[in-house]
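So the protein sequences, as listed, match chains Y and U. Counting from 1, position 261 in the first sequence corresponds to residue 458 in the numbering used here; the numbering is continuous, with no gaps. Counting from 1, position 63 in the second sequence corresponds to residue 260 in the numbering used here; the numbering is continuous, with no gaps. Yeah, the Cβ is synthetic: ideal placement off N, Cα and C, and Gly gets one too. Model, not experiment: these values are computed from the prediction. Reviewing the structure listed below.
Protein chains: 2
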Amino acid sequence: MAANGTTAPRRTASEYSELQASRLGFSLPLPEVLRNSFQVVDGPPSSAAGNPGLRPNLLPVKCGSVVDPRDVHGLQSARSMHFVTAVRSSLHLISGGEPLWTTISSACTGVTSADVSNQSLKIGVVLSGGQAPGGHNVISGLFDYLQERTKGSTLYGFKGGPAGIMNCKYVELTTDFVYPYRNQFKQAEETAKKLDLDGLVVIGGDDSNTNACLLAENFRGKSMKTKVIGCPKTIDGDLKSKEVPISFGFDTACKIYAEMIGNVMIDARSTGKYYHFVRLMGRAASHITLECSLQTHPNITIIGEEVQQLIAELNEILAHDVVDEGGVWKKKLGDQSRQLFELLPQAIQEQLLLERDPHGNVQVAKIETEKMLIEMVEAELGSRQKQGLYKNVFKGQSHFFGYEGRCGLPSNFDSNYCYALGYAAGALLQSGKTGLISSVGNLSNPVEKWTVGGTPLTSLMDVERRHGKFKPVIKKAMVELQGAPFKKFASVREEWALKNQYFSPGPLQYVGPTSNVTNHTLVLELGAQA
Amino acid sequence: MAANGTTAPRRTASEYSELQASRLGFSLPLPEVLRNSFQVVDGPPSSAAGNPGLRPNLLPVKCGSVVDPRDVHGLQSARSMHFVTAVRSSLHLISGGEPLWTTISSACTGVTSADVSNQSLKIGVVLSGGQAPGGHNVISGLFDYLQERTKGSTLYGFKGGPAGIMNCKYVELTTDFVYPYRNQFKQAEETAKKLDLDGLVVIGGDDSNTNACLLAENFRGKSMKTKVIGCPKTIDGDLKSKEVPISFGFDTACKIYAEMIGNVMIDARSTGKYYHFVRLMGRAASHITLECSLQTHPNITIIGEEVQQLIAELNEILAHDVVDEGGVWKKKLGDQSRQLFELLPQAIQEQLLLERDPHGNVQVAKIETEKMLIEMVEAELGSRQKQGLYKNVFKGQSHFFGYEGRCGLPSNFDSNYCYALGYAAGALLQSGKTGLISSVGNLSNPVEKWTVGGTPLTSLMDVERRHGKFKPVIKKAMVELQGAPFKKFASVREEWALKNQYFSPGPLQYVGPTSNVTNHTLVLELGAQA
């Protein structure tokens with residue numbers, strides 16, 4: 198262990214709960230394609246394809262592929278990577294469906310395959326941004342890949358997130374060190390050089406993977422050998438594309454929140470004493486709320502994507518203007534947004550003007566919308582009461598479910614998905630790839646049939662207003678109002694509003710009939726693509 | 198169904214989650230003693246034995262036993278009841294340990310046994326007070342007892358709690374009606390007469406069982422045939438005695454809260470960003486907090502029983518005096534309590550003076566102690582910062598875990614325990630018993646070996662100050678500072694305070710290695726008694 202590396206105090210086995218211990222002993226499955234010999238096959242060239250308006254000068258990144266002397270055109274040559282089994286195993290034929298090779302090669306343009314070398318590597322890995330259940334499974338997968346396929350390799354874990362790369366704070370990840378985390382989860386340059394890193398794995402959300410992309414380009418521009426691979430992490434579920442069907446942590450967090458909501462629904466049904474108003478953790482995208490709604494059937498669900506114009510305008514104003522007490526600044530709001538703003542209780546107006554997060558976004562999670570709604574309903578019913586139109590008693594009870602979902606023990610799905618993501622990251626690095634995000638697909642099938650590859654981070658990118666300026670960033674996947682999950686919700690919400698069709702999923706299970714159910718969002722989205 | 202009975206809208210099977218459906222199909226075990234033929238054996242006479250200072254005129258109840266013409270002395274003749282298998286089965290010898298008969302008969306004074314008649318009965322049942330997971334399992338047990346052992350019996354469920362008895366609002370509980378609840382859950386007199394009730398089962402906490410006791414005595418005083426049996430329900434765990442080792446719902450609620458706390462601990466350990474302050478639902482007794490602490494090992498746990506003098510004095514003052522704005526009323530506080538009160542932030546002072554609950558108690562759950570503590574720590578560290586004694590950044594994050602624990606799907610333990618309580622209640626009523634609380638013991642052994650009987654409600658009673666007056670009530674079982682659970686906690690809390698020995702139990706499981714673990718409190722208390 199290097200001098201600057203520290204030995205973190207280790208937990209002993211007696212400090213694990215029985216369930217944690219049983220999860221630790223559980224051996225995770227791998228997609229068939231990663232189990233034996235495999236080849237890495239390049240896909241078609243990609244660009245920030247979904248965003249034809251993207252101005253090249255805003256996106257100074259040219260990576261997203263193998264370092265290749267022919268690759269002088271930047272974006273145009275960014276390619277997806279797929280792993281294919283080197284030998285067609287009869288297993289594929291026996292288990293029914295199309296042989297895996299066929300499935301995958303049909304998605305490949307060329308047959309240019311890169312051999313996977315067997316030399317030892319030095320790899321760094323960093324957990325970037327807020328937590329999500331499964332992060333340590335990614336690291337376990339990466340670690341096992343290096344152990345099993347690249348003898349003598351070294352894996353460094355950077356401490357305290359990306360700051361650890363800047364400050365060169367790290368630990369060497371050994372078998373003993375990794376054990377407890379199984380089944381769960383110009384300074385940067387110097388660190389990479391100092392540690393002689395062959396690769397760096399960034400496990401994070403949209404902003405973290407944007408940084409991974411920029412870092413990959415930076416290293417590449419300086420002809421450094423360090424490759425950068427991202428892994429899609431965020432409970433918000435807003436980092437996804439066709440090739441990255443889901444970010445990890447979303448499945449677990451939604452199941453924990455849905456349990457809590459289901460319990461509160463049983464309370465509501467059984468006492469009839471309160472109207473419960475639940476707010477869930479999350480940023481601008483409402484995937485968590487939509488998923489929990491599909492899992493529990495509340496009377497009313499508010500999907501932010503339907504009403505986000507006001508917040509967009511506020512972001513713009515706060516980046517450039519002073520919010521004067523006299524309220525002159527409000528003239529900068531559009532008519533509809535100003536009317537909406539004036540409607541809100543004062544406490545909520547103040548919360549909307551709160552400090553922005555480091556990316557210049559409203560900290561939506563800090564707005565106590567659940568309390569706002571109770572106040573607004575109370576005010577409305579009070580006025581109806583005076584007119585003799587309402588005679589009952591309204592009692593609101595507010596809830597915020599946040600941190601307790603972000604750090605849960607990962608579900609079976611997240612455990613398996615993360616392990617495959619990490620193992621694949623190891624293979625991508627060993628193949629000399631950079632600027633890719635580890636991507637695991639075919640998720641509606643059993644783990645063995647999952648496909649594995651890498652997608653250029655640039656293909657996920659877009660320009661966005663941040664702090665009032667255009668910046669190249671990974672495009673946040675918002676709830677699509679024309680997407681399958683929202684349409685499903687829209688088709689039933691009126692019935693849920695009028696009839697109490699509450700649905701209580703109960704606690705997340707690891708064994709038994711419900712243990713391998715995945716979330717509605719993924720199932721519906723994959724179904725729509727099929 | 199009688200005219201006043203209503204047909205509640207039924208849920209269809211499609212509205213159950215997969216986990217709920219799998220729990221519905223799960224057949225609950227019964228203690229061996231309830232499986233075949235059994236006799237009901239009287240125990241020794243009891244009184245409010247633990248409370249020798251109890252003044253007889255404060256407790257005008259004479260029930261707690263079979264209606265017996267010899268029983269003219271009230272309390273003195275209240276007897277516990279035990280069920281014993283009518284035939285000594287060789288099973289007891291095979292399974293090791295003492296035969297059940299011996300175990301039980303050693304606890305009985307006499308051998309006066311009452312035959313269990315086989316006539317059909319009319320029984321009412323009411324869920325009284327706040328919810329607790331398992332209430333419907335009690336009803337399922339009671340229902341199955343009547344179905345299997347008293348052909349042609351009728352079971353009425355009163356709606357909306359005790360008010361349903363007053364207003365004669367009920368539903369007849371049929372096989373179809375009970376199905377969805379399996380595995381989970383002077384007007385009174387008129388109702389009992391109108392429905393020609395043989396018995397009434399009150400499923401509730403300390404106050405509800407106090408009412409059950411008074412109702413039993415009232416019915417008995419008027420020579421009505423309606424018998425009353427209580428079942429111990431409260432997530433607070435504050436209704437217990439040697440013969441009633443635990444109230445149902447406690448096990449499930451603590452497991453749900455401990456999961457949440459464990460998750461927040463993982464957040465704390467992994468980001469190091471916040472100091473988390475968690476408040477749990479509950480009233481004066483701190484069993485839930487103590488149990489969750491034993492399950493999760495937080496750095497600091499506040500057990501209210503150590504600091505409750507102030508609240509007791511405030512209750513007394515609020516019952517008799519006006520709280521003047523000038524603060525003259527504070528002179529009525531003792532020195533220590535006044536100093537403590539003056540120390541508290543103003544918001545907390547106001548919360549302490551809030552409206553009392555229907556029993557005249559401070560609504561402790563409405564005091565946001567988690568926010569109070571954050572404010573106090575901020576103030577203290579701010580002052581140290583000015584003196585140059587503290588240089589770090591303190592960020593507190595508050596949590597309240599409440600309703601989501603009260604209405605969870607019951608744990609295996611609560612499911613089995615409740616089913617036995619309900620089945621036993623059926624047997625007690627069929628035997629003509631009244632004023633008893635259904636009691637299931639020997640809980641550290643497998644379900645088959647559990648003992649079953651009834652304990653006089655009077656034996657749990659005490660006089661308490663309520664609304665500033667002495668009233669006969671069931672004694673709230675507070676955390677005993679000399680009891681085994683608190684002693685265990687006290688022996689390790691210093692170590693937990695200094696070292697982060699967080700323990701994350703994970704979600705409640707129904708299958709697998711952790712599914713049949715009971716709570717620490719019960720295990721430690723039974724261990725201390727053994």
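Expressed to the nearest angstrom, what Euclidean distance is found between the alpha-carbon atoms of residue i and residue j?
i              : j              : result
T498 (chain U) : E345 (chain U) : 47 Å
K583 (chain Y) : E387 (chain U) : 38 Å
E692 (chain U) : Y471 (chain U) : 21 Å
G709 (chain Y) : R476 (chain Y) : 30 Å
C489 (chain U) : V660 (chain U) : 30 Å
L225 (chain U) : F445 (chain U) : 16 Å
D239 (chain Y) : S656 (chain Y) : 15 Å
A199 (chain U) : K383 (chain U) : In this predicted model, A199 (chain U) has a pLDDT of only 37, less than 50, meaning its place in the structure is not dependable; the value taken from the coordinates is given anyway. Straight-line Cα distance between these residues: approximately 21 Å.
H494 (chain U) : E510 (chain Y) : 46 Å
S234 (chain Y) : F280 (chain Y) : 10 Å
G459 (chain U) : R417 (chain U) : 50 Å
S483 (chain U) : N642 (chain Y) : 48 Å
A465 (chain Y) : N697 (chain Y) : 10 Å
Q273 (chain U) : I571 (chain U) : Here Q273 (chain U) scores only 34 on pLDDT, less than 50, and its place in the model should not be relied on; the value that follows carries that caveat. Between Q273 (chain U) and I571 (chain U), the C-alpha separation is close to 52 Å.
P253 (chain Y) : C604 (chain U) : The predicted position of P253 (chain Y) is uncertain, since its pLDDT is 42 and thus under 50; a value taken from the coordinates is nonetheless stated next. Each residue's Cα considered, the two are about 55 Å apart.
G222 (chain U) : I432 (chain U) : 25 Å
E522 (chain Y) : F538 (chain Y) : 15 Å
F447 (chain U) : Y342 (chain U) : 24 Å
I453 (chain Y) : G599 (chain U) : 15 Å
D268 (chain Y) : G338 (chain Y) : Confidence in D268 (chain Y) is poor, its pLDDT being 36 and thus under 50, which makes the residue's placement too unreliable to answer from.
A727 (chain Y) : A624 (chain Y) : 28 Å
K666 (chain Y) : V398 (chain Y) : 28 Å
A311 (chain Y) : A413 (chain Y) : Note that A311 (chain Y) scores a pLDDT of 39, beneath 50, so its modelled location is shaky and nothing firm can be said.
N512 (chain U) : I500 (chain U) : 19 Å
Check this for me: beta carbons of residue i and residue j, under 8 Å apart or not?
i              : j              : result
G396 (chain U) : K430 (chain U) : no
G349 (chain U) : L324 (chain U) : no
K319 (chain Y) : T351 (chain Y) : yes
K630 (chain U) : K424 (chain U) : yes
R276 (chain Y) : L606 (chain Y) : no
C410 (chain U) : G632 (chain U) : yes
G326 (chain Y) : D404 (chain Y) : yes
L723 (chain Y) : P682 (chain Y) : no
I336 (chain U) : V375 (chain U) : yes
I362 (chain U) : A385 (chain U) : yes
S701 (chain Y) : Q217 (chain U) : yes
V368 (chain Y) : I634 (chain Y) : no
L394 (chain U) : G321 (chain U) : yes
A725 (chain U) : L436 (chain U) : no
L654 (chain U) : N406 (chain U) : yes
What whole-angstrom Cβ distance do residue i and residue j have, given they're in contact under 8 Å?
i              : j              : result
S712 (chain Y) : N639 (chain Y) : No, S712 (chain Y) and N639 (chain Y) are not in contact; Cβ-Cβ is about 20 Å, not under 8 Å.
E601 (chain Y) : V461 (chain U) : 6 Å
Q594 (chain U) : H473 (chain U) : 5 Å
I514 (chain Y) : K528 (chain Y) : That belief does not hold up - the Cβ atoms of I514 (chain Y) and K528 (chain Y) are roughly 10 Å apart, past 8 Å.
V237 (chain Y) : M278 (chain Y) : 6 Å
Q492 (chain U) : H333 (chain U) : That belief does not hold up - the Cβ atoms of Q492 (chain U) and H333 (chain U) are roughly 25 Å apart, past 8 Å.
L678 (chain Y) : E502 (chain Y) : 6 Å
H596 (chain U) : E575 (chain U) : About 17 Å separates the two Cβ atoms, so there is no contact after all.
**Asked** Got a sec: which bits of the segment 602 to 636 of chain Y sit with their beta carbon under 9 Å from any beta carbon on chain U, in order along the chain?
**Response** G602, R603, C604, G605, L606
**Message:** Taking contact to mean 3 or more Cβ pairs, one atom from each stretch, closer than 8 Å, check whether the segment 615 to 629 of chain U and the segment 613 to 621 of chain Y are in contact.
**Reply:** no
**Message:** Taking contact to mean 3 or more Cβ pairs, one atom from each stretch, closer than 8 Å, check whether the segment 577 to 597 of chain U and the segment 674 to 691 of chain U are in contact.
**Reply:** no
**Message:** If the cut-off is 7 Å on Cβ atoms, which residues from the segment 215 to 237 of chain U count as contacting chain Y, listed in chain order?
**Reply:** E215, L216, Q217, S219
**Request:** Please name the residues in the segment 492 to 503 of chain Y whose beta-carbon is closer than 7 Å to at least one beta-carbon of chain U, in chain order.
**Result:** none
**Message:** So if I threshold CB-CB distances at 7 Å, which residues from the segment 685 to 717 of chain Y count as touching chain U?
**Reply:** Q698, F700, S701, P702, G703, P704, L705, Q706, Y707, V708, G709, P710, T711, V714
**Item:** Contact residues within the segment 459 to 477 of chain U, judged by C-beta distance below 9 Å to chain Y
**Value:** G459, N460, V461, M462, I463, D464, A465, R466, S467, T468, G469, Y471, H473
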